[in-house]
Amino acid sequence: MEKKLLLGDEAIALGAINAGLSGVYAYPGTPSTEITEFIQGNVLARERGVHSRWCTNEKTAMEAALGMSYAGKRALVCMKHVGMNVCADAFVNSAVTGVNGGLIVLAADDPSMHSSQNEQDSRFYGKFAMIPVFEPSTQQEAYDMVSNAFELSERLKLPVLMRVVTRLAHSRAAVSITAPKEENTFSPDNDRTHWVLLPAIARKQYLSLISKQAEIEQDSENSSYNRLERYGESKLGVIACGIAYNYVREARLENIEVLKLSQYPMPVDMIKQLSSECSSILVVEDGQPVVEELVHTIVGSDYPIEGRLTGKLPRTGELNPDNVAKALGKEVSETFASAENVVGRPPALCQGCGHRDVYNALNKVAAEYPGARIFGDIGCYTLGALPPFRSIDSCVDMGASITMAKGAADAGLFPAIAVIGDSTFTHSGMTGLLDAVNDKANITILISDNLTTAMTGGQDSAGTNKFEAICLGLGVEPEHVRVVVPLPKNMEEITNILREEINYNGVSVIIPRRECLRTLARKARKK
Amino acid sequence: MKKDIILSGVGGQGILSIATVIGEAATECGVNLKQAEVHGMSQRGGDVQSNLRLSNEEIYSDLIPQGEADIIISMEPMEALRYLPFINKESWVITSSNTFINIPNYPEESKLLNELSSLSHVVQLPIEDMAKEHKIPKSANMILLGMAAPYIEILAPEQLRSAIATIFARKGEKVVEDNLKAFDLGFKL
């Protein structure tokens, strides 16, 4: 069998293509981006015309994938964990409608927040929507599971959630590759009775979802991804979820019994067996204590359970071989302490980046207005919070710059300034701009347009060449849509325009536009 | 045999290319490998590292436990020192001595290099300077790989060399030539 060296993300992508995928729908987000990029570059996927163009946001992605499933084809939706919040409405309801072609929702969680604003655990979403969840331990499992998840999805007529964490998504290992399967035939669902979620139908569908729970649980019980492994005479039981299994095995202990848990809902019988054969259980899971909280409902509140909640493992941050070994009672060797002459090296905006000119101009003008606040957003330009700029006062979620500026302006804050990137604006900023226009809010918005989705590596940006038209269409006054080129030589013009628009009592949009240097360099290399 | 390697540097210095070459050689030779790397925000001029594990046996964790790394291969001296808790007294540190200063509070250079030299198994060379001198400025990372080659052991230097040829083939002959030249330069020192 052919073996390939693949990132966890790439293993998922190739697993999906070879399982007969017809479309991937996604918005870029670390650590999920490489899945879609791999499919975009894959020869077979291109030959087959597998859909792989980036979507405007995770909600449009989720809905389009559901549409492809409705038409009978296999579809994959990929996002980083916080994208689950964006698509949650469509996601939860897709469990109520059910699916036709297999549908996998892939959430890449980021414990330790390497590139994120929180470390929420997507397994909660699986439980919330009452659907099966797969959590691979290795790149090989990630590859294999995709095919199993599609089959399960089509058998249960439900979407399946697949959850990975950064360390699997961005780690490479050799993967055995299977032969590609054909795509599903085009076969739109003719049965309207479960797709139209009017209350009367939704109630029936919800009951149908609940009636499937026993089968879903039984499937976890029978899953080849869940198994009990006994090492020597064991008193300590360990539930090792997903990637945590690797850290447990790395400790090479000879006196534990391990439940390798990679498919949810939790296999109740296996957990009961583990608890009866051991005198206590350590739950090792990357992310939030999802299993640790629930396991008491199976083994009783008196049974000794340890994990992140009891302090045996750190409450926050990702697992690693050291904190897991320690929790298992193993000595961790420490030869050298941290070096003395080492300081942090935070990321920074590239030299020559247009965002730098935007912040230089903003800092200059904002200093003239004592009450000025700058509401930031998600992207490279969030680095404007760090020295030397220290420009922005907030960064919460995709699109929040505009709406928070508006709310603060409603409360009397002046000047309320929003800084948002081009891709973030089309992702979730446009609706907020419409609110601001309708309310005649006194805010100044900068759409810092570098013609790409830069932070995640330069993917196409949905609104490129459309920003003036979008703003005018949403009702911003034409004389208050201003375009500038963010370069040091234009500093006087930019600062003057900033002053004019801050002083205008209403919605202004300034678009500093200059291509991302990295995208530009990549294009030059291609030529 | 197993070799656990930490690759380190600053975003953009080319440590992931070193990882790719070693990965290619390992796959070609049937050596097991896991390689965790950093993508995303820190690639914008922040510190980047990759955990590369090579073994003839099954590898479990994608990350290297503290004290178990056999080699640190670093494009930058402070970035080499950052991973001190991951090595032990037998481990080797192969690093460039050229500092990359993009932060205002970078430690005093002499103190930094002294601390590095106080370790018993260190190889350090000004690889950026060497790369410029030999007119292969973009191949500094392959000089470093050449320097590290004798310590990787589980893969022969010749296997790394042919991996360089494979990996850079799509970028043209000149690029392959420059990178092989860089590798040999580092290896012979």
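These protein sequence lines map, in sequence, to chains L and E.
Just so you know, we're using my numbering here: the first sequence kicks off at 1 and counts up by one.
Just so you know, we're using my numbering here: the second sequence kicks off at 528 and counts up by one.
Glycine included, each C-beta is placed from N, C-alpha and C at the ideal position.
Query raised in the report: Does DSSP put E:Arg-609 in a helix, a strand or coil?
Result: coil
Query - Closest residue to E:Asn-706 among E:Val-548, E:Ser-647, E:Leu-560 (Cα-Cα distance) - result: E:Val-548
Query raised in the report: Counting only beta-carbon atoms, is L:Met-84 nearer than 8 Å to chain E?
Result: no
Query raised in the report: Using the beta-carbon of each residue, which ones in chain E are nearer than 8 Å to L:His-170?
Result: Ala-563, Glu-564, Val-565, His-566
Requested in this report: Please state if the CB of L:Gly-72 and the CB of L:His-194 are separated by a distance shorter than 8 Å.
Outcome: no
Query - Close beta carbons around L:Cys-350, own chain, < 6 Å, minus the five adjacent residues each side - result: Leu-517
Query raised in the report: In the structure shown, what three-state DSSP assignment does L:Phe-375 receive?
Result: strand
Query raised in the report: Hey, is the segment 540-559 of chain E in contact with the segment 685-697 of chain E, meaning 3+ C-beta pairs nearer than 8 Å?
Result: yes
**Report entry** Cβ neighbours of E:His-648 in the same chain (closer than 6 Å, five flanking residues each side left out)
**Finding:** Trp-619
**Report entry** Assigned secondary structure, L:Pro-512 (DSSP; H/G/I helix, E/B strand, else coil)
**Finding:** strand
Query raised in the report: With distances taken from CA atoms, which of E:His-566, E:Lys-530, E:Gly-567, E:Ile-663 is nearest E:Gly-720?
Result: Absent from the model: residue 720 of chain E. The displayed extent of chain E is 528 to 716, so no value can be given.
Query raised in the report: If contact means a Cβ-Cβ distance below 9 Å, which residues of the segment 337-352 of chain L contact chain E?
Result: Ala-337, Ser-338, Ala-339, Glu-340, Asn-341, Val-342, Val-343, Gly-344, Arg-345, Pro-346, Pro-347, Ala-348, Leu-349, Cys-350, Gln-351
Query raised in the report: At least one CB of chain E closer than 8 Å to the CB of L:Ser-355: is that the case?
Result: Per the sequence shown, residue 355 of chain L should be read as His rather than Ser. Chain E, which has no Cβ nearer than 8 Å to the Cβ of L:His-355, makes this no.
Requested in this report: Rounded to whole angstroms, what's the CA-CA distance from L:Gln-117 to L:Ala-400? Just pull it up for me.
Outcome: 13 Å
Query raised in the report: Can you name the start and end residues of the beta strand (DSSP E) that L:Val-77 belongs to?
Result: 74-80
Query raised in the report: Listed from N- to C-terminal order along the chain, which residues in the segment 586-609 of chain E have their beta-carbon within a distance smaller than 7 Å of any beta-carbon of chain L?
Result: Tyr-587, Ser-588, Asp-589, Leu-590, Pro-592, Gln-593, Gly-594, Met-605, Leu-608, Arg-609
Query - the segment 182-192 of chain L / the segment 129-146 of chain L touching (three or more Cβ pairs under 8 Å) - result: no
**Report entry** chain L within 8 Å of E:Glu-655, Cβ atoms only
**Finding:** no
Requested in this report: Pull up the distance between the alpha-carbon of E:Met-602 and that of E:Asn-578, whole angstroms please.
Outcome: 15 Å
Requested in this report: Under 7 Å Cβ to Cβ from E:Leu-672, same chain only, skipping five residues before and after it: list those, please.
Outcome: Ile-545, Val-548, Leu-687, Phe-710, Gly-713
Report task. Name the one or two DSSP bridge partners that L:His-194 has. Result -> Per DSSP, none; premise fails for L:His-194.
**Report entry** 7 Å Cβ shell around E:Ala-606 - same chain, five flanking residues per side excluded
**Finding:** Looking at the sequence provided, one finds Glu at residue 606 of chain E rather than Ala. Taken in chain order, the residues that qualify are Ser-535, Gly-536, Val-537, Asp-574.
Query raised in the report: Does the beta-carbon of L:Val-43 have 16 or more other beta-carbons within 10 angstroms, so that it is buried, or is it exposed?
Result: exposed
**Report entry** L:Leu-313 - DSSP class collapsed to helix/strand/coil
**Finding:** coil
Requested in this report: Please state whether DSSP places L:Lys-212 in a helix, a strand or coil.
Outcome: coil
Query - Residue from L:Lys-440, L:Ser-224, L:Asn-465 whose Cα sits closest to the Cα of L:Ser-508 - result: L:Lys-440
**Report entry** Start and end residues, alpha helix (DSSP H) containing L:Glu-10
**Finding:** 8-18
Requested in this report: Check whether the segment 257-273 of chain L touches the segment 90-104 of chain L, taking contact to mean three or more Cβ pairs, one atom from each stretch, closer than 8 Å.
Outcome: no
Query - Whole-number beta carbon distance between L:Pro-388 and E:Ser-588, since they are thought to touch under 8 Å - result: Actually they do not touch by this definition, with Cβ atoms about 39 Å apart.
Report task. Closer than 8 Å by beta-carbon distance: list the chain L residues that pair up with E:Val-537, in chain order. Result -> Arg-345
Query raised in the report: If you compare alpha carbons, which of L:Val-268, L:Pro-314, L:Gly-311 is closest to L:Gly-300?
Result: L:Val-268
Query - Where the alpha helix (DSSP H) through L:Asn-465 begins and ends - result: No alpha helix (DSSP H) contains L:Asn-465, which DSSP labels as neither H nor E.
Query raised in the report: In the DSSP assignment, what are the bridge partners of L:His-51?
Result: L:Gly-23
Report task. Measure how close the beta-carbons of L:Ile-32 and L:Leu-103 come, nearest whole angstrom, since I'm counting them as under 8 Å. Result -> Checking the displayed sequence, the identity of residue 32 of chain L turns out to be Ser instead of Ile. With a Cβ gap of about 16 Å, L:Ser-32 and L:Leu-103 do not count as contacting.
Requested in this report: Please report how far the alpha carbon of L:Ser-338 lies from the alpha carbon of L:Arg-513, in whole angstroms.
Outcome: 44 Å
**Report entry** Through-space distance from L:Thr-60 to L:Asp-121, alpha-carbon basis
**Finding:** 22 Å
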